[in-house]
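Novice: In full-length UniProt numbering, the protein residues as written are 1 to 83.
Cβ coordinates follow ideal geometry from the N, Cα and C atoms, glycine included.
Next up is a structure, given as structure tokens.
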Amino acid sequence: MNIINLKKYGVAITQKEIALKIYHAIKAMNPSNNVVVVDMMGVIAMTTQCANIIFGTLYRELGSDTYFQNIKMKNATKAISFD
């Protein structure tokens, strides 16, 4: 299991460049074959565009089953939770 803490990218994920960095960091953890925990402790906001760049792209690439099996959210506020 791999863990990525998004707080190091800022408390508000609002820039496309930052979203791409996060996406590439997650991809480097090989989410096709490994569980990746996305820890959002300390992140209070994320734009829809950034969420789509990160999670929408991963969903399309991995497919529904693998995405929900291997991408786990932790400490997401209700404002940015996907549950």
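Between P31, A25 and M73, which has its C-alpha nearest V43's C-alpha?
Specialist: Of P31, A25 and M73, the residue nearest in Cα terms is M73.
Novice: If you draw a straight line from the alpha carbon of V11 to that of I26, how long is it in whole angstroms?
Specialist: For V11 and I26, the distance between alpha carbons rounds to 18 Å.
Novice: Run the CB neighbour count on I3, radius 10 Å, all protein chains shown included, and call it buried at 16 or more, exposed below.
Specialist: Flag for I3 reads exposed.
Novice: What are the boundary residues of the alpha helix (DSSP H) that K78 is part of?
Specialist: K78 -> no alpha helix (DSSP H), and no H or E assigned at all.
Novice: Quick check: what's the CA-CA separation for V35 versus M29?
Specialist: When rounded, the distance between both Cα atoms is 9 Å.
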